[in-house]
Structure formats: C-alpha cells, structure tokens
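This report concerns only the one structure given below.
2 protein chains.
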Amino acid sequence: MAANSRMKNTHRPSRADGSRTSGLALPIARKIIELARRDHLPIGAHLPKHQLALAFHVSRSPVRAALECLEARGVVIQRRHRGYFLAADSRKLERVAAALGRHAEDEPYLRIAADRLAGKLPEQFTELELMRHYGVSRAQLHMMLTRMAQEGWLQRKPGYGWKFLPVLTSAEAHGLSYRFRMAIEPAAILEPTFRIDAKGFARARAEQQALVDGRIRELSSAELFSIGSRFHEMIARCSGNPFFHEALLRVNRLRRLIEYRAMGDTERFLQQAREHLRLLDLLEAGERERAAAFLRGHLEVVRAVKSTVLRSGARRRTRPKAEQTGSTAIAMGASHVHF
Amino acid sequence: MAANSRMKNTHRPSRADGSRTSGLALPIARKIIELARRDHLPIGAHLPKHQLALAFHVSRSPVRAALECLEARGVVIQRRHRGYFLAADSRKLERVAAALGRHAEDEPYLRIAADRLAGKLPEQFTELELMRHYGVSRAQLHMMLTRMAQEGWLQRKPGYGWKFLPVLTSAEAHGLSYRFRMAIEPAAILEPTFRIDAKGFARARAEQQALVDGRIRELSSAELFSIGSRFHEMIARCSGNPFFHEALLRVNRLRRLIEYRAMGDTERFLQQAREHLRLLDLLEAGERERAAAFLRGHLEVVRAVKSTVLRSGARRRTRPKAEQTGSTAIAMGASHVHF
DNA sequence: GATTGCATTTATCAGACATAAAATGCAATT
DNA sequence: AATTGCATTTTATGTCTGATAAATGCAATC
Chain X
1 MAANSRMKNT HRPSRADGSR TSGLALPIAR KIIELARRDH LPIGAHLPKH
51 QLALAFHVSR SPVRAALECL EARGVVIQRR HRGYFLAADS RKLERVAAAL
101 GRHAEDEPYL RIAADRLAGK LPEQFTELEL MRHYGVSRAQ LHMMLTRMAQ
151 EGWLQRKPGY GWKFLPVLTS AEAHGLSYRF RMAIEPAAIL EPTFRIDAKG
201 FARARAEQQA LVDGRIRELS SAELFSIGSR FHEMIARCSG NPFFHEALLR
251 VNRLRRLIEY RAMGDTERFL QQAREHLRLL DLLEAGERER AAAFLRGHLE
301 VVRAVKSTVL RSGARRRTRP KAEQTGSTAI AMGASHVHF
Chain G
1001 MAANSRMKNT HRPSRADGSR TSGLALPIAR KIIELARRDH LPIGAHLPKH
1051 QLALAFHVSR SPVRAALECL EARGVVIQRR HRGYFLAADS RKLERVAAAL
1101 GRHAEDEPYL RIAADRLAGK LPEQFTELEL MRHYGVSRAQ LHMMLTRMAQ
1151 EGWLQRKPGY GWKFLPVLTS AEAHGLSYRF RMAIEPAAIL EPTFRIDAKG
1201 FARARAEQQA LVDGRIRELS SAELFSIGSR FHEMIARCSG NPFFHEALLR
1251 VNRLRRLIEY RAMGDTERFL QQAREHLRLL DLLEAGERER AAAFLRGHLE
1301 VVRAVKSTVL RSGARRRTRP KAEQTGSTAI AMGASHVHF
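Protein chains in written order, with the working numbering: chain X, 1 to 339; chain G, 1001 to 1339.
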C-alpha cells in the first residue's frame, strides 16, 4: 500500500555486526539482490549507481548506502573509481536475501494486528496509549492507524480516540470477502479490455508448477498465502481495468491478517495449485467464459473449506467479550467520517 | 510554482460574525439540524446534551459548543438549568443548514484536486512545496496526501516527495469505473444476504420522486451527483456484504472529483431518476434478477453518455503536457509498491 | 564520456513544549 | 432521577529545533 511504502527502521539503526543501515538502504539492498537474481546477473557484473537509482525512483544516496551494506555482506565488491561489481553466486544471493528479508518491515503493524486478533487490545483506545505500549513514534503510529482505518478494521472516532470494528474477528466477514471475490474475479476475466500478460503468466505458471512438484512442503503458510494472492492479483491485473485489480488487492490485504491462521491441509493446497494451472490453460486457450466459470467454482470451494476451518477455529478460541455487540453487522464502510 | 505563493500559514478560526466556532462544533451543529429536520422535531423540543453526545459518539463538550453556536443563530434557545430547546421552524432550519453547509470541510483537498485536474500542479512535488502553496499545516496536508494516495491518484515516492498518477485526467479511467460498477452493483443485489432496508428505501424513493417533481432544477451538479451516489450506495449496502458497499464508496469518491464537471443535461438526469424509482419498484416486488439486469443496463447507458461528454470535454480543454506519457495506461494499482 | 566519490543543499522525521479542544467528574438545579 | 453547568483532566494538534537521511551538483577518475 502506498501509505507506508517507506518504512524507517528507526529502532536503533546500528546492528549487531556494526553495519549501520537505515532508511531506504535496506529495502534497496533487497531490491538489488532481487534484480540480480531475476536477471541472472553473472559474477562480476557492473552495478552502476546512477542506473540503479533511476530504476528504483530514488536518488543515488540511498543506493550508495545499500551497496555499502551489501559490500559488508560480501555480495558486491567495490573497485576504487570503477564502481561496484557483483561478487556472489545465486546460492549466496538467496542466503543473503533471506537474511535481509527477515527484518520484517511493518513489524509493529503486524504485532498490533495479532494482538487485536488475540483479543489483547481494548475495543477503544487513544493514540497515546498505543504509542506508549508499542514504543513507536507518533508519525509511525499514525501511519499504521490510518492504514488500518483504510483497510476497514479500525475507525477513528469523531473526537479523540479510535475503536476497532468487528470485521477481523468474524468468520462471517471472511466468507463475505469470498463472495465479493466471486463477483469481481470472474468479471475481471470477462472485461473487454482483458489481455493476457505473457510474462506474468509464465512466472505464475512456473511458481504454481513448483508448488505441485513438491515445493509446497518447504514453505510457510504466510508464504503460501502470498503466492496464492499474487496469482489471483496477476489475473485481475490482466483485466486492463485497475478498479478490479485494486479492489482485489484491498480484499487480500484484509484476508492476509486472518487467513494464514486458517490454512487448509497440504492436500487441499495442492489441489488449488492444480486448479490454478488449469485456469491458466483455459485462459491461454482463449476460453474466457469457461475460465470465468471455472474460477468462480474454484473460489466457491475455497470459501466453503476456509469457512469451515475458521468457524471451528473460532469456537475453540476464546473470543474477546467486547465483541459481542449482539449483531454481526460489519461496519466496514466507516472510512467516510464526516469531518 | 511555489514562487508566487507566500501566503499566511496562520489559519484563523475566528469568523466574520465573531462567533469563533472550531473543531467539531460546526459539524455537530450541522448534525443537530439534520436530526431536527429528519425527525420533524417541533418548536420547543428538548435537546438533551448528553443524549446528543451519545448519538454522535462524542463527549458533551463539542455538543455544548455546537448548541452555543446554534443559539447565536437563533436556532435554539437556552433556558437556565433546563437546557436547550428548539426554536426554529423547518424553513429557518433549512436556511441555517445552508449557511453552515457553505463552510466546505475539505476545502483545501478539493482545491488541490481541482488544480491538479486543471494541470496547474507539477507531476512531482515535495510536501514542503504544497504546504507553502496552500498554507496548511503539515498534519493537515499529510492527511490529504494520504487520502489521495488511498484514493489511488497520488503516490508517495520511496524517498522524498510525491507524484501524481494519470488516473484522474483520463476519460478512459472514467469509463473503466463504470465497467467496474456494472460488475459489482448487480452482483450486490443478487447476494444471498441481500435484504431491503425499508427506511433507506423510503428515503431514497422520496428523494428521487422529489427530483422527478421538479426539484432537479434547484440543485447544483455537485448536489445531484451526491444524491445519485447515495442512491446507489444505499442499494449496495442492502447486499449485507460490506465489501460491495465499500468498493462502491471508493469508486464514487474518485468519480466525484471528475464527474461533476461532466454532468449530462437535465433531461437525462430526469430519466435517471425515473429509472432509479423503477429499480426500487422491482426490488420491492422481490424481482431481484430483473432488478439486477435493469441496473446493469442503467449503468451501461450512463457510462456511454458520460463517456461521450467527458471525451469531448477533454478535447476542448488543454491537457497538461506532462500527462502525455504515450500510453493510456492507468497506473492505479500502483499501491503495491515493493518496498 | 560516462561514472564515481564527495560535498552541499534540501526534505523529512523525532522529540519537546505550548496550546486548543475533547472527555470526564461532580456539585447544583429542576 | 435526570440533566445541566462548570471545573478539571486528558488528548491531540501546531510549532519549533535538531538530527538524519535523501537529492543534487561538481570535480576527479577510469
């Protein structure tokens, strides 16, 4: 989401290894590695600062910082007045990528979400309370709160304070999100502006095929969720209509918070990956109507399964008592506050 | 740009008439009048502070301020230790409501939007530039920028600065928003959780009937747009699925910025109001499938008309040259920036 | 001639304080 | 008993300053 695209890890910029990396440096370091991996850059490839800066839409300063960080990790080497050059093979790249990736970017955000789901936070609160509790700055907290409000599970009160909405905790809401997807995703395929994105299709196919071929067992449920979302979002983007894509992104941002604790079993997941491949086949064969119908069915099945899992999960878990407001009404559209 | 605009940063809350009303007071004053009008409260009706505060989800302080403001305008009178009582008939209420309503709440936001549409703002800018140019505080500006980012027509750059996306200025984007509505609105009617909201229906019917009966000539295009949006949003809310409602709200927030400069002629608008009434008839008769089909047709016609108007309008107007990026690609879903 | 390395400028962020406004408690009144 | 009116407390915003990071210009180098 655009709002917090720049995360600053201002929590002590100095790390254990002494390399002080802050601001954009780390994210850009990750991007450089990603670039090197995706384009299969050979060892010794030149990495011109200026072009990297251009590619990432930033100035050369953070790029330099990122390269210094990567040099400290042995991924690149600097040759005086000649620039930086790649110095790691793909194995090493993967290792470093993993190490860098571990620093969760929006860690406090996820912590709040988790605490909310676990019922550890009160229904209503003020900014100061959370600020103190999570030890983040006002600006950071404000960003997170705004983000949650935009995602639809937190609402600003007209005066002081915020309050949570029951969206996240309700199994019904989850089912409703699937109903919504059943409406927009097949429709996206049928849009007159729909065009297959060859590259995206190829990448998605490779990814799903890898799952079917066993990689599914190596991945965490969060990663599996991410792959699944990306797949559907790629298809929606092919609609050529950003409204469909954007709507799906929004739903998925919300789903991410609850669903990874309700992942089905591996067998089911394998079946989903196979269905994803089948969907790609249908689309590439130009059978848009059949693809749309197939996708609708696919979503309906997933909805039913997930719904069951979540519901039983909800029974097991103790629900925060403040939630029981008597109705299952989900006041999501609360973003249009009146002042 | 920023050269000619060294305006006062001090925002004086005091008004010409001397009544210093700030913060929530004004919005709440409006709400009180709205309440009195909607419930047809008689002159002399008691207005208990505590209950008003409860109804509006605020404390008694801003309610008191609002009542004092209303007393200054003769809408209510205070009787010592007995409280405030209504002292205006519906004619006077309407007049005062209009007077209060004139103070646009998000005036700078709309000004920025208008300037952007008129091509008066550069493609890229920094917060400081806009702050100086519009004379708003950083917090206010930040709120507006975040809002625009969420609405999908502004994007934060990874480092410093923001940049506009081409969404708003393109007639294509507008057409695509209607395609999206054609997908979700009929589907909303067909949701299994769809339930008619009797009160909402009655209010909508009265409003649309008033339009047909001639009120259409008294209203500004912005007001007409607002009524139209409300109608469709009310229907979507009946779906019982907040995702549909929320998605429509988002689309409409975006449409609002462009569409009121492309309102069709009165005759067309009258026709739309009649079709809205017909839709209510169908729904109340329980004919959901026919209603959905009818709504879809309704949207298709409106889309075609508006599209024509906008396109010719675009030809007349001089488009800012920075826009011509060669493609009509609408980078709305840009919210998924990668770091 | 492109690119680097460094220095300078500019923008944003964090912390602190003062201020405005909302929330809240309680005695007084009907 | 409910509600008001006032006083007090709490909360958030505006503004300032210093710190830090990003953007940018330019000489030096390959």
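Built from N, CA and C at the ideal position, the CB exists for glycine as well.
Remember, predicted model here, so these are calculated numbers, not experimental data.
Between the segment 1076-1092 of chain G and the segment 1124-1136 of chain G there are fewer than three inter-stretch CB-CB distances shorter than 8 Å, so the stretches are not counted as touching. Per DSSP, G/Ile1184 has no beta bridge partner at all. Under the three-state reduction of DSSP output, G/Val1058 falls in the coil class, being neither helix nor strand. Burial state of G/Ile1043 is exposed, judged by a 10 Å Cβ sphere holding fewer than 16 other Cβ atoms. Inter-residue distance for X/Ala171 and X/Arg256 is about 14 Å (C-alpha atoms, whole angstroms).
Pairing X/Gln208 with X/His298 gives a Cβ-Cβ distance that is not under 7 Å. DSSP places X/Ile258 in the uninterrupted alpha helix (DSSP H) bounded by 242-259. With contacts defined as CB atoms closer than 7 Å, X/Lys49 and X/Val63 qualify as a contacting pair. Excluding residues up to 5 positions away in sequence, His1245 lie with their Cβ nearer than 6 Å to the Cβ of G/Arg1237 in the same chain. Among the residues of chain G, those whose CB is under 7 Å from the CB of X/Ala187 are Ala1183, following chain order.
For the pair X/Leu295 and G/Asn1241, the CB atoms are not nearer than the 7 Å cut-off.
In this structure G/Glu1284 is in contact with G/Ile1196, their Cβ atoms being roughly 7 Å apart against a cut-off of 8 Å.
Boundaries of the beta strand (DSSP E) harbouring X/Arg79: 76-79, taken from the DSSP string. Nearest in C-alpha terms to X/Leu70, of all of X/Pro122, X/Gln51, X/Pro166, X/Ala97, is X/Ala97. Residue range 83-86 is occupied by the beta strand (DSSP E) that includes X/Leu86, with no alpha helix (DSSP H) assigned at that position. When Cβ-Cβ separations below 7 Å define contact, G/Arg1179 makes contact with chain X. Closer than 7 Å to the CB of G/Leu1176 there is at least one CB belonging to chain X. The beta-bridge partner set that DSSP reports for G/Leu1047 consists of G/Tyr1084. Among the residues facing chain X, G/Val1058 is included, as its CB has a counterpart in that chain under 7 Å away.
The beta carbon of X/Leu130 lies closer than 7 Å to those of Leu141 in the same chain, with the five residues before and after it left out. Note on geometry: alpha-carbon atoms of X/Phe269 and X/Leu219 lie some 12 Å from one another.
At the C-beta level, G/Tyr1109 and G/Met1144 come within 7 Å of one another. Using a Cβ-Cβ cut-off of 8 Å, X/Phe244 is close to Phe1180, Ala1183 of chain G, given in chain order. Taking 7 Å as the CB threshold, G/Gly1159 lines the interface with chain X.
Contact note: G/Ala1291 does not reach chain X at a C-beta cutoff of 9 Å; the least C-beta distance is about 16 Å. Among the CB atoms of chain X, none fall inside 7 Å of the CB of G/Thr1308. Around X/Ala88, no beta-carbon contact reaches into chain G at under 8 Å, the shortest distance being about 20 Å. X/Thr146 belongs to the set of residues whose beta carbon lies under 7 Å from a beta carbon in chain G. X/Ile112 and X/His46 have their alpha carbons spaced roughly 42 Å apart. Between the C-alpha atoms of G/Val1076 and G/Leu1067 there is a straight-line separation of about 7 Å. By the C-beta density criterion, X/Tyr84 is buried, having at least 16 other C-beta atoms within 10 angstroms. In the structure shown, the three-state DSSP call for X/Leu154 is strand.
A check of alpha carbon separations from G/Pro1166 across G/Asn1252, G/Gln1051, G/Ala1118, G/Glu1267 identifies G/Ala1118 as the nearest. Distances from the CA of G/Leu1121 to each of G/Arg1205, G/Phe1056, G/Lys1163, G/Leu1249 were compared; the closest alpha carbon is that of G/Lys1163. If you check the CB distance, X/Ile189 and X/Ala291 come in under 7 Å.
Straight through space, the alpha carbons of X/Ile33 and G/Leu1249 are spaced by roughly 40 Å.
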